[in-house]
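Q:
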Amino acid sequence: MDNTKVRKIFTLGVWGDNPIFRQILGICSALAVTNLMLNSLVMGLGLIFVTSFSELTVSLIRKFTPKHIRMMVQVLIISSFVIIVDIFLKAYYPEMSEALGPYVGLIITNCIIMGRCESYAQNNPPIYAFLDGVASGTGYAIILLIIAFFRELLGFGSIFGIQVLGAWWTNWIVMIMAPGAFFMLGIVIWVARSLSPEDEESNKQEVAKA
Amino acid sequence: MKKSIGYPVFFMVIVTVVFSSILAFLNYSTADRIDFNQNNKIRRKLLYAFNIQTENEDPQAIEDKYNENITEKKINNKTIYTAEENGNIIGYAFPIEGSALWGTVKGFAAISKDFKTLLGIDFVSHSETPGLGGRIDESWFKEQFRGINLESSQEGKYIIYNPKPGGNVDAISGATLTSDSVREFLNVDIEDFLSFAKEVNLDGQY
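Those protein sequences? They're chains A and B, same order as listed. Mapping of the first sequence onto my numbering: residues 505 to 714, in sequence order. Mapping of the second sequence onto my numbering: residues -17 to 188, in sequence order.
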């Protein structure tokens, strides 16, 4: 294993090419499950599991997969792993399964997984593909947790279900509802992009050159 | 790779068979557990509606308590749960259901043996907004339904929200539609159950 390559995979997945604020992928679930931190954490872990193992499998069979049916194969693999997560939650964490409701099943439609399978796992060896899945999933999970932190704190006055703000705190109902998610996501993307603007600068230069 | 039709089909079949077998195996090996979880939830909700306490939240304790106190009976295609404590019937529970703001709310309501008091309610499933309508799950809301007198109400208005005259329950602020729906279907379901009980002479069945 090449250490610099691994480091690159992780810096890209978590920050440089972060699925949410760079690629704007996986937004639906980022909006839907972020009203509680616990839900976001489980969703993040589920996504890390599905992305990494899907990428691993896609990469393992990439040499045998006929190119024109690869999408079909990828969807099949992704949905299998999602069903595994769903069954696992139902059997061992029924309360969590209920709280996340249909969103576990909707991991299938999360563009991050398909995107990474297409762009990375198709052309890279299994071990790196697996790590790429872990990195992208982690990037997604971190952003979800940041959004959920503010939504839960302002909306319920709690963190991971533990009340931290006293009775004096008036819950911001808007934070629990969908609009709160849009505001928070917008702010997070704004902040993250102002912290690392170099990408757009280089894009502009390229456009200028062209 | 050669673009024949045979190979892709063969490949797809193999991949499908492999993954389907894995999933089928997982599904089969966890089916009992998932089933138990679902039944456990219903048992817990019924015990709550009857206000029967369990020592702890352990699934086994809940199952024991349930088997000890509650019996299920089908009468004219309706499932009625009867609760006993120390050999005396304390009341009957029946399923309640209605559509609220985002979807169907399902649950149970329990009524005392003499049909004069509402013992309690609990919700099994709903899809209301977390933090707003979703607060029907919170105990402060559900506890209000304990001991509501069903005799003094008129025209099937058993549940009346404060501060209306005769109000007996506080609605959830910020979740008027969910609160109203819960009141509506509870009133209807209680009315239905009471007339059903009279019709089949529920007392005489035991």
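For glycine and all other residues, C-beta sits at the position ideal for the given N, C-alpha and C.
Leaving out the 5 sequence neighbours to the left and right, which residues in its chain are closer than 6 angstroms to A536 (chain A) when beta-carbon positions are compared?
A: Reading the first sequence from its first residue, position 32 is the one you call residue 536 (chain A). Y607.
Q: Please report whether the beta-carbon of A714 (chain A) lies at a distance below 9 angstroms from any beta-carbon of chain B.
A: Position 210 of the first sequence, counting from 1, holds the residue named residue 714 (chain A). Per-residue confidence for A714 (chain A) stands at a pLDDT of 44, beneath the threshold of 50, marking its modelled position as unreliable; the derived number appears in the next sentence. Answer no: the Cβ-Cβ gap between A714 (chain A) and chain B never drops below 9 angstroms.
Q: Would you report the Cα separation of T(-2) (chain B) and M575 (chain A), rounded to the nearest angstrom?
A: Within the second sequence, residue -2 (chain B) is the residue found at index 16, counting from 1. Within the first sequence, residue 575 (chain A) is the residue found at index 71, counting from 1. Their Cα atoms are separated by approximately 14 angstroms.
Q: So what does DSSP say about K713 (chain A), is it helix, strand or coil?
A: As a position in the first sequence, residue 713 (chain A) is number 209, starting the count at 1. Only weak support exists for where K713 (chain A) lies, its pLDDT of 48 falling under 50; the value from the coordinates is given anyway. DSSP places K713 (chain A) in helix when its eight states are reduced to three.
Q: If we require 4 or more residues per run, which alpha helix (DSSP H) segments fall completely within the segment 596 to 620 of chain A?
A: The qualifying runs are 598 to 604.
Q: Within 9 angstroms (strictly less), CB to CB, does F660 (chain A) reach chain B?
A: In the first sequence, residue 660 (chain A) corresponds to position 156, counting from 1. By this cut-off, F660 (chain A) is an interface position.
Q: Decide yes or no for the touch test of the segment 591 to 604 of chain A against the segment 518 to 529 of chain A: beta carbon pairs closer than 8 angstroms, at least 3 of them.
A: With a cut-off of 8 angstroms, the segment 518 to 529 of chain A and the segment 591 to 604 of chain A do not count as touching, because too few Cβ pairs lie within range.
Q: Throw me the rounded Cβ distance for the D636 (chain A) and E559 (chain A) pair, which I believe falls under 8 angstroms.
A: As a working note, residue 636 (chain A) is residue 132 in the first sequence. As a working note, residue 559 (chain A) is residue 55 in the first sequence. Sure, about 6 angstroms apart at Cβ, within 8 angstroms.
Q: By the three-class DSSP mapping on this structure, what secondary structure does K146 (chain B) have?
A: On the second sequence, residue 146 (chain B) is found 164 positions in, with the first residue counted as 1. If DSSP states are grouped into helix, strand and coil, K146 (chain B) belongs with coil.
Q: So, with DSSP's three-state summary, where would you put I103 (chain B)?
A: Along the second sequence, one-based indexing puts residue 103 (chain B) at 121. Note: I103 (chain B) maps to strand in three-state DSSP.
Q: Is there at least one Cβ from chain B nearer than 9 angstroms to T555 (chain A)'s Cβ?
A: The sequence position of residue 555 (chain A) within the first sequence is 51, counting from 1. Cβ-Cβ to chain B under 9 angstroms: no for T555 (chain A).
Q: Check whether chain A comes within 9 angstroms of S244 (chain B), counting only Cβ atoms and requiring the distance to be less than that.
A: With chain B covering -17 to 188 only, the question about residue 244 (chain B) has no answer from this structure.
Q: Taking the alpha carbon of G115 (chain B) as the point to measure from, which residue in B:E79, B:D162, B:I71, B:G102 has its own alpha carbon closest?
A: For the purposes of this step, residue 115 (chain B) is taken as residue 133 along the second sequence, with counting starting at 1. That would be B:D162, whose Cα lies nearest to the Cα of G115 (chain B).
Q: Under 7 angstroms Cβ-Cβ, which residues of chain A neighbour I16 (chain B)?
A: As a working note, residue 16 (chain B) is residue 34 in the second sequence. By Cβ distance, chain A contributes K594, A595.
Q: Would you say V(-5) (chain B) reaches chain A, if we count a Cβ-Cβ gap shorter than 9 angstroms as a contact?
A: Within the second sequence, the letter at position 13 stands for residue -5 (chain B). V(-5) (chain B) does not count as touching chain A.
Q: CB-CB under 7 angstroms to K713 (chain A), same chain, minus the five flanking residues each way: which ones, in chain order?
A: What you label residue 713 (chain A) is simply residue 209 of the first sequence in a count that begins at 1. Reliability of the predicted coordinates at K713 (chain A) is poor, the pLDDT of 48 falling under 50, and the value obtained from them is presented with this limitation in mind. Answer for K713 (chain A): no residue qualifies.
Q: Using 9 angstroms as the limit for Cβ to Cβ distance, is P(-10) (chain B) near chain A?
A: One-based indexing of the second sequence puts residue -10 (chain B) at position 8. By this cut-off, P(-10) (chain B) is an interface position.
Q: If we count the other Cβ atoms within 10 Å of its Cβ and call it buried at 16 or more, is E656 (chain A) buried or exposed?
A: For the purposes of this step, residue 656 (chain A) is identified with residue 152 of the first sequence, where counting begins at 1. With 16 or more other Cβ atoms within 10 Å, it is buried.
Q: Cα separation between G129 (chain B) and I103 (chain B)?
A: Along the second sequence, one-based indexing puts residue 129 (chain B) at 147. Along the second sequence, one-based indexing puts residue 103 (chain B) at 121. Those two C-alpha atoms are separated by around 10 angstroms.
Q: Can you find the residues in the same chain that come closer than 6 angstroms, C-beta to C-beta, to S556 (chain A), ignoring five residues on each side of it along the sequence?
A: Mapped onto the first sequence, residue 556 (chain A) falls at position 52. Excluding positions up to five away in sequence, the list reads F634, G637, V638.
Q: Count the other CB atoms, across all protein chains shown, that sit within 10 Å of the CB of H108 (chain B); report buried if there are 16 or more and exposed otherwise.
A: Here residue 108 (chain B) refers to the residue found at position 126 when the second sequence is read from its first residue. So H108 (chain B) counts as buried.
Q: Does chain B have any CB closer than 9 angstroms to the CB of L545 (chain A)?
A: Position 41 of the first sequence, counted from the start, is the residue given in the question as residue 545 (chain A). No, L545 (chain A) does not count as interfacial toward chain B.
Q: In the segment 563 to 575 of chain A, which residues sit with their C-beta less than 8 angstroms from some C-beta in chain B, listed in chain order?
A: Answer set for the segment 563 to 575 of chain A: I565, F568, T569, P570, K571, H572, I573.
Q: Out of A:G661, A:R697, A:W673, A:F654, point me to the one whose CA is closest to G684 (chain A)'s CA.
A: Mapped onto the first sequence, residue 684 (chain A) falls at position 180. Checked all of A:G661, A:R697, A:W673, A:F654; the closest Cα to G684 (chain A) is A:F654.
Q: Within 10 Å of its beta-carbon, does D171 (chain B) have 16 or more other beta-carbons around it, so buried, or fewer, so exposed?
A: Along the second sequence, read from residue 1 onward, the residue named residue 171 (chain B) stands at position 189. Buried is the call here.
Q: Which residues, in order along the segment 683 to 702 of chain A, keep a beta-carbon less than 7 angstroms from a beta-carbon of chain B?
A: The residues in question: there are none.
Q: Drop a sphere of 10 angstroms on the beta-carbon of N49 (chain B), count the other beta-carbons inside from all chains shown, and report buried for 16 or more, exposed for fewer.
A: Along the second sequence, read from residue 1 onward, the residue named residue 49 (chain B) stands at position 67. Under this definition N49 (chain B) is an exposed residue.
Q: Note down, in chain order, all residues in the segment 27 to 51 of chain B with a beta-carbon under 7 angstroms from any beta-carbon belonging to chain A.
A: Those would be none; no residue qualifies.
Q: List the residues of chain B whose Cβ lies closer than 8 angstroms to the Cβ of N539 (chain A), in chain order.
A: Here residue 539 (chain A) is taken as the residue at index 35 of the first sequence, counted from 1. Near N539 (chain A) (Cβ distances below 8 angstroms), the residues of chain B are P112, G113.
Q: I'd like to know if T158 (chain B) contacts chain A, where contact means its C-beta is closer than 9 angstroms to some C-beta of that chain.
A: By 1-based counting over the second sequence, the position of residue 158 (chain B) is 176. No, no contact with chain A.
Q: Reducing DSSP to helix, strand and coil, say where T508 (chain A) ends up.
A: Taking the first sequence and counting its residues from 1, the one referred to as residue 508 (chain A) is at position 4. Reduced to three states, the DSSP call for T508 (chain A) is helix.
Q: Classify N59 (chain B): buried if its beta carbon has 16 or more other beta carbons within 10 angstroms, exposed otherwise.
A: Reading the second sequence from its first residue, position 77 is the one you call residue 59 (chain B). When all chains shown are included, N59 (chain B) counts as exposed.
Q: Below 9 angstroms on C-beta distance, what does I4 (chain B) contact in chain A?
A: Taking the second sequence and counting its residues from 1, the one referred to as residue 4 (chain B) is at position 22. Ordered by position in chain A, the residues that pass the 9 angstroms Cβ test against I4 (chain B) are S584, I588.
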